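Input: a single structure, listed below in structure tokens.
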Amino acid sequence: MTQVPATATAPAVRIANVSKHFRAAGAARGAAGAAGAAGDVRAVDGVSLDIAAGEFFALLGPSGCGKTTLLRVIAGLESPTAGAVHVAGVDVTGLPAHRRPVNMVFQQYALFPHLTVARNVAFGLRYQRVRGAEAAARVRDALDLVQLPGYDDRYPGQLSGGQRQRVALARALVLRPRVLLLDEPLAALDQKLRREMQLELKRLQRSLGITFVFVTHDQEEALAMSDRVAVMNRGRVEQVDAAHRVFERPRTRFVAEFMGAANFMEAPADAAASRADAAASRADAAASRGDAAASRGDAAASRGDARAG
């Protein structure tokens, strides 16, 4: 992972009009490299976002909305069909994943079962050419950070689900990324453990001060953990806002429906009452016209009296 120099005023991540299209099976082949060719599936469709340094940012939406594809584009695991990705003010669109100053935690942990915890955590350091005492110290610090001191010699099969998730976090954090990308990392955990890990992730993010970009389909999870939320639907961003505002002030019907039924008030219509109201409105209008006519008559009479005088 290449350490990209930061630009002081730049956001941690800038996504500039990014699209990612996949060719549907059996679709007609259009012009080579053409964006939006006939039959393409638009997984991400013209998304632009700025994510601030040190922010806990959630990509929230239902399955198939494009949130994981967008995360993979940031990571360099997918190439965008159009648009650009900047990290710390540097265009990384053309850089492979291992040269970007980001790291990713996957939903399924992706630990090596034949390696100890320490060797799993240290795996990426070899590619940074960090070895020996420095590597051992960084592994120890990473395990302390995720509250797993003394677990160095255990194997993944000897750990609980929550402990395996902590090892996956340590493996990502040991590389000291500018941005940590998390692809629904808590989805496989039970509810109690998930709540514990939510608190743990927030604690880590605050203590480290680095940017977290977190993908989830769970509204409660996004609201509990995030500073800001981008709600996605069909490859596009419906709303970007502070977590509480997305719930309290949804800007589109989709966001209101997705965030929960509390955003709607059911008001059944009474057909008879509606007709009566309409009739009353027409009567009021007729009365108003009658009053206006009477006023014009009074005015004319007044003018006649004035001439007679």
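Counting from 1, one number per residue, gives the positions in the sequence shown under UniProt numbering. Where a beta carbon is used, it is the ideal one built from N, C-alpha and C, also for glycine. Owing to the predicted nature of the structure, the values given are computational and were not obtained by experimental measurement.
Cα atoms of L182 and E257: separation of roughly 25 Å, rounded to the nearest angstrom. Inter-residue distance for A137 and M104 is about 22 Å (C-alpha atoms, whole angstroms). CA-CA distance, A187 to A172, rounds to 18 Å.
In the three-state DSSP reduction, D91 falls in the strand class (E or B). G157 and V139 have their C-alpha atoms roughly 19 Å apart. Uninterrupted alpha helix (DSSP H) stretches at least 4 residues long and entirely within the segment 154-182 occur at 161-173, given in chain order. T81 and K67 have their alpha carbons spaced roughly 16 Å apart. With fewer than 16 other CB atoms across the displayed protein chains lying within 10 angstroms of its CB, T9 is exposed. Exclusion of the five residues before and after V246 leaves V229, V231, Q239, V255, M259 as the residues of its chain whose Cβ lies within less than 7 Å of its Cβ. With at least 16 other beta carbons inside 10 angstroms of its own, K20 counts as buried. Between the segment 162-177 and the segment 145-154 there are three or more inter-stretch CB-CB distances shorter than 8 Å, so the stretches are counted as touching.
Excluding five sequence positions before and after A135, the CB atoms of its chain that fall closer than 6 Å to its own CB belong to A122, L125, given in chain order. Comparing alpha-carbon positions, the option among A97, E221, Y127 lying closest to Q191 turns out to be E221. Take the alpha-carbon of T93 and the one of A75: they are about 10 Å apart.
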